[in-house]
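Step one of this worksheet: look at the structure below.
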Amino acid sequence: MKIDIFYFAWLRERVGLASEQVETEAVTAADLVEELRARDDDHAAAFEDMKSIRVALDQELCDFSAPLKGVREVAFFPPMTGG
Amino acid sequence: MKIDIFYFAWLRERVGLASEQVETEAVTAADLVEELRARDDDHAAAFEDMKSIRVALDQELCDFSAPLKGVREVAFFPPMTGG
Amino acid sequence: MSVRVQREDFDLGVELTTLRSGRHEIGALVSFTGLVRELADGAPISGMELEHYPGMTERALRQIEIDAAARWPLQASLIIHRYGPLAPGDQIMMVATASAHRQVAFEAAEFLMDYLKSRAPFWKKEQTGSGGHWVDARTTDEAALQRWAASPASKK
Amino acid sequence: MSVRVQREDFDLGVELTTLRSGRHEIGALVSFTGLVRELADGAPISGMELEHYPGMTERALRQIEIDAAARWPLQASLIIHRYGPLAPGDQIMMVATASAHRQVAFEAAEFLMDYLKSRAPFWKKEQTGSGGHWVDARTTDEAALQRWAASPASKK
């Protein structure tokens, strides 16, 4: 399946991309992270500290164990600091 | 001693006065209330329900047991309802 | 810190802008505005008269502001309270608090309101179809003070 | 109820006046305004960049407002959050809540702020003398959510 991936804040800076489209068969968000890590050093560095990373599937905050089935948009970002 | 007495809200309406000056030897605010009650029916009616009356001595909220010595201004009023 | 007791209305936006103007250490600004409701216990009111105790009112409000500043690291605060005749929808009063962080600003504003309700000498008389009625103090307002007695200052 | 995510500044006074305009059942209006502080951990900042996740931001803020309206009897609420470049003293965001009584308005405003801080996809990057720094989330912000999970709605 094709998934649009978005990166925000320092994740965007470390990956060096604001977004990318990937073809993946990953079952969960965590599986997708493993695939992305294997891409190159930038991705590996970005996903080094998973405690500081949150994931949203189709714009809803989710656990990394959440299934990707039917999901079109995945976003990775650090804890939010608005307000 | 001479004391200026002020009444507010429904106490003012029941006494029929916003203020009056009295000559008194009352030792406490409670003693002063007893003297005022004896003045006439309006005063007696105003001070009927003491649970609903507060007293300020020289513009500070006090207990009715507080001494009047040196006090120039006494105010009686119901519980406050500002805000 | 400042306190104003006045008959005339106030401009909430102007007051809040003035309060924080040029004060770049402020990160959080909280305001509370009290308004005249059109209903009193379900009955429509045509207006309200706010009586106060000139002299004591200003003293009481200043003391409440001093107490708040002693408990929380506030960069600014403001209390404005009106008296005289008011109509439904009118502004009755406002408090504002400014601090580096939001919890301080929120707590201090609630503290100001809780004490103002039960310790500042104002009395409301509402006009309804059946005449004028002095508003009863709510027991919940006196109870609201308890939480500040129980908990020590949260200095954040 | 309304949510706005925008680059441009907002007029706090106008927003609060509009929110309560003609709504005479409102007795209490609470506002919170977040401002850019001139200091970040003691170091002066020259500016800040606020990044967000277009689409998810609006969804998250709307959901937070819906959750607040389900817990408290609110007559009106408003959330405005800016993004893009900001300077010290600039307004970052505001929330406002209107209700018949003050405790409801205060609680709902704090609820909106607590959830907005930890659930709305905004990220702050501060510019200091040593370059740009992404602001770390405070553990106290995540902890602040606990009190809403623990206590049932106070419907007053």
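Protein chains in written order, with the working numbering: chain W, 1 to 83; chain Y, 1001 to 1083; chain B, 2001 to 2156; chain G, 3001 to 3156.
C-beta: ideal position from N, C-alpha, C; glycine also.
- Chain-order list of chain B residues neighbouring G:Thr3017: Leu2012 and Gly2013, by C-beta distance under 8 Å.
- Taking 8 Å as the upper bound for CB-CB distance, G:Leu3112 and G:Val3095 are in contact here, some 4 Å apart.
- The shortest C-alpha to C-alpha distance from Y:Gly1083 to any of G:Ala3069, G:Ala3068, G:Arg3102 and G:Gln3075 is the one to G:Arg3102.
- Around the Cβ of B:Met2048, a 10 Å sphere holds 16 or more other Cβ atoms; the residue is buried.
- For G:Ala3144, the uninterrupted alpha helix (DSSP H) segment begins and ends at Thr3139 to Ala3144.
- Under the DSSP assignment, Y:Met1001 falls outside any beta strand (DSSP E); it carries neither an H nor an E label.
- The beta-bridge partner set that DSSP reports for B:Gly2047 consists of B:Gln2127.
- Take W:Asp31, set aside five residues on each side of it, and no residue of its chain has a beta-carbon closer than 6 Å to its own.
- Look at the segment 2065 to 2092 of chain B: the residues with a C-beta under 7 Å from a C-beta of chain Y are His2081.
- By the rule that beta-carbons nearer than 8 Å mark a contact, G:Ala3028 touches chain B.
- The Cβ-Cβ distance between B:Arg2119 and Y:Met1080 falls below 8 Å.
- Those residues of the segment 2106 to 2122 of chain B placed with their C-beta closer than 8 Å to a C-beta in chain Y are Met2113, Leu2116, Lys2117, Ser2118, Arg2119, Ala2120, Pro2121 and Phe2122, ordered along the chain.
- In the assembly as shown, B:Ser2130 is an exposed residue. Its beta-carbon has fewer than 16 other beta-carbons within 10 Å.
- Look at G:Ser3031: its C-beta is under 8 Å from a C-beta on chain B.
- Not one beta carbon of chain B lies nearer than 8 Å to the beta carbon of Y:Gly1070.
- W:Gln21 counts as exposed, since fewer than 16 other beta carbons sit within 10 angstroms of its beta carbon.
- Under the DSSP definition of a beta bridge, Y:Phe1076 partners with Y:Tyr1007 and Y:Val1055.
- For G:Val3005, the secondary structure class from DSSP, reduced to helix, strand or coil, is strand.
- Residues of chain Y with a Cβ closer than 9 Å to the Cβ of B:Ala2137 are, in chain order, Ser1052, Pro1078, Pro1079, Met1080 and Thr1081.
- Our two residues, G:Gly3132 and G:Glu3126, have alpha carbons roughly 5 Å apart in a direct line.
- Using beta-carbon distances, W:Ala45 does not count as an interface residue toward chain G, since no partner is under 8 Å.
- For the pair of segments examined, the segment 1039 to 1053 of chain Y was found not to touch the segment 2004 to 2013 of chain B: the number of CB pairs separated by less than 8 Å stays below three.
- Taking a beta-carbon distance threshold of 8 Å, G:Arg3004 does not count as an interface residue toward chain W.
- W:Ala9 sits away from G:Trp3072, with the two beta carbons spaced by 8 Å or more.
- In the DSSP assignment, G:Arg3082 forms a beta bridge with G:Gln3006.
- About 6 Å separates the beta carbons of Y:Phe1076 and Y:Tyr1007, which is inside the 8 Å limit, making them a contact pair.
- About 15 Å separates the beta carbon of B:Leu2145 from that of B:Ala2108, a gap too long to meet the 8 Å contact definition.
- Residue-level contact by beta carbon holds for B:Glu2051 and chain Y, with a gap shorter than 8 Å.
- Between the alpha carbons of B:Glu2065 and W:Asp49 lies a gap of roughly 46 Å.
- Under DSSP, W:Val22 forms a beta bridge with W:Ile3.
- Contacts with chain B at 8 Å (Cβ-Cβ) do not include G:Gly3047.
- For B:His2052, the secondary structure class from DSSP, reduced to helix, strand or coil, is strand.
- Annotation: the segment 3057 to 3109 of chain G contains the following complete segments of the beta strand (DSSP E) (minimum length 3 residues), in chain order: 3074 to 3082, 3084 to 3086 and 3091 to 3099.
- Check the Cα spacing between B:Gln2063 and each of B:Leu2050, B:Glu2051 and B:Ser2077: the tightest is with B:Ser2077.
- Taking 8 Å as the upper bound for CB-CB distance, Y:Thr1024 and Y:Ile1003 are in contact here, some 6 Å apart.
- Of Y:Pro1078, Y:Gln1059, Y:Gly1070 and Y:Arg1014, the smallest CA-CA separation from Y:Arg1037 is found for Y:Arg1014.
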